[in-house]
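The sequence shown: position 332 = 366 (my numbering), numbered continuously.
Below is one structure, written out as C-alpha cells; comments come after it.
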Amino acid sequence: MAYYEHPQDVTTLPAWQALTRHREAMQSFSMRDAFSSDSQRFDTFSLSSCGLFLDYSKNLMTAETRDLLMQLARECGLQDAIEAMYAGEHLNASENRPALHTALRRPIGDKVLVDGEDVMPEVQQVLNKMTALVGSVHDGLWRGYTEKPITDVVNIGIGGSFLGPQLVSEALLPFAQRGVRCHYLANIDGSSFHELSAKLRAETTLFIVSSKSFSTLETLKNAQAARRWYLAQGGTEAELYRHFIAVSSNKPAAMAFGIREDNIFPMWDWVGGRYSLWSAIGLPIAMTIGMSNFKELLSGAYSMDKHFQTALFEENMPVLMAMLGIWYGNFWDAQSQAILPYDHYLRNITKHLQQLDMESNGKRVMQNGQPVNCDTGPVIWGGVGCNGQHAYHQLLHQGTQMIPADFIVPVVSYNPVEDHHQWLYANCLSQSQALMLGKCRNEAEAELRKQGLSEDQVQYLAPHKMIPGNRPSNTLVLERISPRRLGALVALYEHKVFTQSVIWGINAFDQWGVELGKELGKGVYSRLTGAEASTAEDQSTQGLIEFFRARHRG
Ligand code: F6P
35 MAYYEHPQDV TTLPAWQALT RHREAMQSFS MRDAFSSDSQ RFDTFSLSSC
85 GLFLDYSKNL MTAETRDLLM QLARECGLQD AIEAMYAGEH LNASENRPAL
135 HTALRRPIGD KVLVDGEDVM PEVQQVLNKM TALVGSVHDG LWRGYTEKPI
185 TDVVNIGIGG SFLGPQLVSE ALLPFAQRGV RCHYLANIDG SSFHELSAKL
235 RAETTLFIVS SKSFSTLETL KNAQAARRWY LAQGGTEAEL YRHFIAVSSN
285 KPAAMAFGIR EDNIFPMWDW VGGRYSLWSA IGLPIAMTIG MSNFKELLSG
335 AYSMDKHFQT ALFEENMPVL MAMLGIWYGN FWDAQSQAIL PYDHYLRNIT
385 KHLQQLDMES NGKRVMQNGQ PVNCDTGPVI WGGVGCNGQH AYHQLLHQGT
435 QMIPADFIVP VVSYNPVEDH HQWLYANCLS QSQALMLGKC RNEAEAELRK
485 QGLSEDQVQY LAPHKMIPGN RPSNTLVLER ISPRRLGALV ALYEHKVFTQ
535 SVIWGINAFD QWGVELGKEL GKGVYSRLTG AEASTAEDQS TQGLIEFFRA
585 RHRG
C-alpha cells in the first residue's frame with residue numbers, strides 16, 4: 035500500500051524522540067557563541083544551487099541538529115514521496131489525483147504518465163498555443179473590435195489563478211516586452227472593477243478569464259461585469275471572441291459563458307491552483323515577458339526539481355528549509371514564519387507563498403483521516419523590506435514569540451539610484467544580524483551610561499533597550515532577479531511545503547477547508563437580498579444581516 039495512504043504518526047518515530055531530547059539540550063544554545071567558537075559555521079551551514087545561495091547559519095542548530103532532522107526526513111520516507119510525486123501517483127488522495135505541476139516544466143521529449151497516458155504532448159501543445167497567442171498580441175496582429183491592437187490584458191482570476199501570475203509578471207518587469215500592460219482583477223469588491231475599468235478602453239483590452247474550475251464566484255461575477263462593460267463601451271457579441279479568452283479545465287462552463295472554443299486554454303486536474311503559474315494560468319506572465327522568458331522560468335523551476343530529486347538531503351535546499359521549519363514549529367513552538375523580500379520586484383512573493391503554504395499545509399488530519407499529533411503549517415506573513423522594519427520588525431526583535439524569518443535579496447539592482455541598493459542590502463543583512471545578536475543587559479546598560487544618564491535612569495531604561503537575540507533566520511541571495519532564478523525560487527518553496535506535508539503525513543494538494551464558507555455564503559446572500567425569508571442559524575449572523583437589510587431597505 036502506498037505510503038501516503040497510511041502515513042505514520044511522526045511523533046512516534048525514533049528521530050522525533052531524539053529531536054525532543056536534543057531540543058532540551060539546545061535550550062541554552064547561543065548563536066553568538068556558536069559563531070565565535072566556529073570560524074567555519076557560515077561555510078558549514080550554507081549552500082548554492084540553481085542560481086540561489088542559501089545561508090542558514092543563523093539558526094538554532096548544530097551539525098547534530100541537522101543530522102537528526104535529516105534522519106527524520108528519511109524515517110518519513112521523503113525520498114519515496116518525492117519519487118511518487120514526480121511519477122504521478124495519486125498523492126492528492128482525498129481528490130484521487132496526482133500533483134504533477136513538475137510535469138509542466140519538464141523538457142520536450144520527457145514522458146510523464148498520468149493513469150497510463152503520457153501528458154507531455156498536450157503540455158507541449160498548450161505551450162505552442164500560448165506562443166501563438168502571445169506572439170500575435172505582441173506583434174499587434176490580434177486586433178480588437180475597432181481593429182486596433184491590444185494594449186492592455188486583464189487577468190480575471192483569484193487565489194492561485196491570480197497570486198502566482200501577479201508575483202512573477204511584476205517581479206520580471208525588467209524583462210517586459212513591447213508595451214502590453216497586464217492588470218489583475220481578483221476581488222468581487224465592485225471598487226476594484228470600478229478603479230481598473232476606468233483606466234481601460236474596451237477596444238484595446240483583452241480579458242483572460244482564468245479559473246481552473248470556472249465556478250469561482252468572484253471570477254465569474256467579475257467576468258460578467260467585464261463583459262457588460264465591454265458591451266456598454268461599444269463592443270458587440272459577435273466580436274466578443276477578440277476580447278475574451280479563458281484558461282480552465284472546465285471547457286463546457288467556459289463555452290457556456292460565451293468564450294469561443296479555440297480561445298480556451300486547457301488546465302488539468304493534476305495541477306493544483308496554487309501550483310498553476312507554470313501552466314496556461316501563467317498567460318499574463320508570458321504576455322508580460324514573452325514566451326522565451328516564460329520558458330526560462332520553467333527551466334529554472336526544472337533545475338530546482340532536479341536538485342530536490344537528486345541532492346543528498348544534507349545538501350538539498352528545499353529539504354533543509356523544510357526541516358528547519360519543522361524544527362521551529364514542532365520543537366520550539368514557533369507559530370508563524372515571516373517572508374521578507376528586500377526587493378521591490380519581489381514585493382508580492384509573501385502573498386503567493388502565503389497561499390502556497392497555508393492552503394497546502396493548513397490541515398489537521400493525516401492522509402488516512404486520523405488527527406495529526408503535532409502542529410502543522412505555520413501562519414505565513416511578512417512583506418517587503420525596508421518597509422517592514424518601520425512597521426512590524428519591532429515584534430520580531432522584542433516580542434514574546436519566536437518568529438523564524440526568511441530574508442530574500444538580490445545582489446544587483448536593475449535600478450541603481452546612487453547608493454540605495456547598498457543601503458537596501460545592508461539593511462537586509464543588519465536585520466538578520468540584529469535578530470541573531472540581540473543586545474544583552476550589559477550592553478544596554480553600557481550604552482545608556484555612555485549617554486551620561488543617571489544610574490536610576492539606566493536601570494529603568496535597560497530592560498526596554500535589551501533585545502533577546504538568538505532569533506533564527508535564513509538568507510536567500512540571488513545574483514539578480516531573472517526568469518530562471520525566479521523559477522527556481524518559487525519551486526524551492528513548493529518543494530519545501532511538500533516536504534513538510536510528507537513529514538506530517540498530510541495532503542498538501544487538497545483544500546476542503548475553503549468550501550464551507552463558500553456554501554454558507556450562498557445562504558447568507560439569499561437572506562441579505564430578501565430572496566429567502568428564513569433566519570440564519572445563529573443570532574450573530576442574523577443580527578449582522580438585519581444591519582445590512584435595514585440600511586438597504588426602500
Ligand atoms: O477557494 C480556493 C481556491 O479553490 C484555490 O485553491 C484556487 O487557487 C482558487 O480558489 C481559484 O480557483 P479557480 O482557479 O478554480 O477559480
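Virtual Cβ for every residue (Gly too), placed ideally from N, Cα, C.
If we call anything under 9 Å between Cβ atoms a contact, is residue i one with residue j?
| i | j | result |
| --- | --- | --- |
| Y459 | V418 | no |
| L526 | M351 | yes |
| V157 | R140 | yes |
| I279 | L240 | yes |
| A356 | P438 | no |
| G307 | G472 | no |
| L201 | L311 | yes |
| M321 | V524 | no |
| I323 | L331 | yes |
| D186 | R131 | no |
| L512 | L206 | no |
| F328 | L53 | no |
| N221 | E252 | yes |
| V536 | A107 | yes |
| I192 | T250 | yes |
| N297 | Y275 | yes |
| A496 | R475 | yes |
| I442 | L354 | no |
Alpha carbon to alpha carbon, what distance is there between residue j and residue i?
| i | j | result |
| --- | --- | --- |
| K499 | H431 | 11 Å |
| H455 | S447 | 6 Å |
| G363 | T410 | 8 Å |
| Q435 | T136 | 36 Å |
| I319 | A68 | 44 Å |
| Q573 | Y559 | 16 Å |
| S226 | L219 | 7 Å |
| E477 | L94 | 22 Å |
| A542 | S128 | 10 Å |
| N407 | Y120 | 28 Å |
| D149 | L47 | 33 Å |
| Q258 | S62 | 60 Å |
| R100 | K145 | 35 Å |
| L254 | M65 | 52 Å |
| T384 | D453 | 26 Å |
| R583 | T569 | 13 Å |
| G143 | P155 | 9 Å |
| V531 | L463 | 25 Å |
| E571 | R398 | 26 Å |
| A287 | W546 | 22 Å |
| M273 | K552 | Before going on, a small fix: residue 273 reads as Glu here, not Met. If I take the Cα positions, the gap works out to 34 Å. |
| S313 | R261 | 25 Å |
| I242 | F248 | 12 Å |
| T165 | A118 | 31 Å |
| W302 | L161 | 14 Å |
| R587 | A232 | 29 Å |
| N449 | W538 | 43 Å |
Measure the beta-carbon distance from residue i to residue j and round it to whole angstroms, keeping in mind my assumption that it falls under 8 Å.
| i | j | result |
| --- | --- | --- |
| A607 | A335 | Only positions 35 to 588 of the chain appear in the structure, and residue 607 is not among them; the question remains open. |
| L88 | N461 | The Cβ separation is near 20 Å, so there is no contact. |
| L562 | I579 | 6 Å |
| G174 | L147 | Rounded, the Cβ-Cβ distance is 41 Å, inconsistent with contact. |
Cα-Cα, which of the options is closest to residue i?
| i | options | result |
| --- | --- | --- |
| L138 | A127, N130, Q159 and A118 | Q159 |
| L197 | Q389, L554, N421 and F291 | Q389 |
| H124 | W304, S516, S333 and Q467 | W304 |
| H529 | A290, S337, L53 and S80 | S337 |
| S548 | E330, N395, Y264 and K182 | This sequence places Val at residue 548; Ser is not what is there. It is N395 whose Cα lies nearest to the Cα of V548. |
| Q42 | M400, G503, R519 and I442 | M400 |
| M104 | G564, R583, V214 and A345 | A345 |
| V188 | T78, L102, E237 and A205 | E237 |
| N504 | R519, L469, L387 and N126 | L469 |
| K92 | S83, C84, L102 and F79 | F79 |
| F299 | A287, P286 and S282 | S282 |
| Q371 | D339, S333 and P412 | P412 |
| Q113 | S70, E348 and S203 | E348 |
| I515 | E181, W176, E117 and S203 | S203 |
Per DSSP, residue i forms a beta bridge with which residues?
| i | result |
| --- | --- |
| W415 | A372 |
| N508 | D440 |
| R177 | P183 |
| S83 | L86 |
| I242 | N189 and I279 |
Got a sec: does the ligand ZN put a non-hydrogen atom nearer than 8 Å to the Cβ of residue i?
| i | result |
| --- | --- |
| E553 | Among the ligands modelled here, namely the ligand F6P, the ligand ZN does not occur. |
Hey, does residue i have any beta-carbon neighbour from chain C nearer than 9 Å?
| i | result |
| --- | --- |
| S326 | Absent from the structure: chain C. Only one protein chain is present. |
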